[in-house]
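Undergrad: Those letters in the sequence shown? Residues 1 to 195, by our numbering.
No residue lacks a Cβ here, since even glycine has one placed at the ideal position from N, Cα and C.
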Amino acid sequence: MNRADAGFTLWFTGLSGAGKSTVASVVYEELQHRGIPVELLDGDEVRTHLSKGLGFSRQDRDTNIHRIAFVARLLNRHGVAAIVAAISPYRETRDAVRRQIGNFIEVFVKCPIDVCISRDVKGLYKKALAGEISHFTGVSDPYEEPLNPELILETSLETPSESAAKVMALLEELGYIEPRQLLWTLSGQSEAGCS
1 MNRADAGFTL WFTGLSGAGK STVASVVYEE LQHRGIPVEL LDGDEVRTHL
51 SKGLGFSRQD RDTNIHRIAF VARLLNRHGV AAIVAAISPY RETRDAVRRQ
101 IGNFIEVFVK CPIDVCISRD VKGLYKKALA GEISHFTGVS DPYEEPLNPE
151 LILETSLETP SESAAKVMAL LEELGYIEPR QLLWTLSGQS EAGCS
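#1: Go to L174, then tell me how far its alpha helix (DSSP H) extends in each direction, as first and last residue.
#2: In whole angstroms, what is the alpha-carbon distance linking A81 and N64?
#3: Residue range of the beta strand (DSSP E) that V107 falls in?
#4: For the alpha helix (DSSP H) that contains A85, what are its first and last residues?
#5: Since I152 is in the beta strand (DSSP E), which residue starts that stretch and which ends it?
#6: Where V46 and P89 are concerned, what is the direct C-alpha to C-alpha distance, given to the nearest angstrom?
#7: Cβ atoms of L171 and F8: under 9 angstroms apart, would you say?
#8: Under 8 angstroms, with one C-beta from each stretch per pair, do the stretch 9-22 and the stretch 106-115 reach the 3-pair mark?
#9: Does G193 come out as helix, strand or coil in the three-state DSSP assignment?
#10: Let me make sure I understand the geometry here. Which of L124, R94, V107 has the alpha-carbon closest to that of S21?
#11: To the nearest angstrom, how far is the alpha carbon of N148 from that of Q59?
#12: Whole angstroms is fine: what's the gap from E173's alpha carbon to E132's?
#13: Since L10 and V84 should fall inside the 8 angstroms C-beta cutoff, what is the C-beta to C-beta distance between them, to a whole number of angstroms?
#14: Given this structure, state the Cα-to-Cα distance separating I117 from D62, to the nearest angstrom.
#15: List the whole-angstrom C-beta distance separating R73 from Q100, where the pair is believed to meet the contact cut-off of C-beta under 8 angstroms.
#16: Looking at the unbroken beta strand (DSSP E) that takes in E39, where does it start and where does it end?
#17: Judging by CA-CA distance, which residue of E92, A24, G123 is the nearest neighbour of P146?
#18: Buried or exposed for G138, going by 16 or more other Cβ atoms inside 10 Å?
#19: For T9, list the residues DSSP reports as bridge partners.
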């Protein structure tokens, strides 16, 4: 089995408001468009369904991340790509998940906290800064940046489509997906196509 036939996990990590879910959704759509079996595990949705009742202590956050990793590994085992968009603030936990999953691509969605605050439509940063929310990553709890992620996206400097294009290029480079090829039409113009 070559890598293009194997399941893999794309793990988007970063602060709240960095753009993890936005970029992950664009990548999800592109993989679907290419006919690749894929599922999106968004941190907010997982907390609502799979991890309901967990709080935001270190132990609860780690439990949440390990649950997501378990589902991702099951998907991968059946040849399905898993895209995870979760803050996952602790390096040690992300490294454990990397070992657990195997075909793991860590994508650090890097964004200055002031930009994350400006994007915060739910007002969570405002509440955290006012002391109304405890254990808020980046304010009252740490976020440990990855030391060696496969990719760093700087979402304050690029559009979601530009970030997603970098992810797709990396997946092609690593052999998880087949490269797109240019198809030449009879009129001599090129258009992107799937291989």
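TA: Here's the rundown:
#1: Residue range 160-174 is occupied by the alpha helix (DSSP H) that includes L174.
#2: Across the structure, A81 and N64 are spaced so that their CA atoms are roughly 20 angstroms apart.
#3: Counting along the chain, the beta strand (DSSP E) containing V107 begins and ends at 104-110.
#4: No alpha helix (DSSP H) holds A85; the beta strand (DSSP E) holding it covers 81-85.
#5: Residue range 151-154 is occupied by the beta strand (DSSP E) that includes I152.
#6: In this structure, the straight-line span from the alpha carbon of V46 to that of P89 is close to 16 angstroms.
#7: Result yes, Cβ atoms of F8 and L171 sit closer than 9 angstroms.
#8: Enough Cβ pairs lie closer than 8 angstroms, so yes.
#9: Only weak support exists for where G193 lies, its pLDDT of 47 falling under 50; the value from the coordinates is given anyway. Note: G193 maps to strand in three-state DSSP.
#10: The option with the nearest alpha carbon to S21 is V107.
#11: It is roughly 24 angstroms from the alpha-carbon of N148 to the alpha-carbon of Q59.
#12: Linking E173 to E132 through their CA atoms gives a straight-line distance of about 45 angstroms.
#13: The Cβ separation is near 7 angstroms, so the contact holds.
#14: The straight-line gap from Cα to Cα measures roughly 24 angstroms.
#15: Right, their Cβ atoms sit about 6 angstroms apart.
#16: It spans 38-42 - the beta strand (DSSP E) in which E39 sits, taken as one unbroken run.
#17: Restricting attention to E92, A24, G123, the CA atom closest to the CA of P146 is found in E92.
#18: Buried: at least 16 other Cβ atoms inside 10 Å.
#19: T9 is bridged by DSSP to A82, F104.
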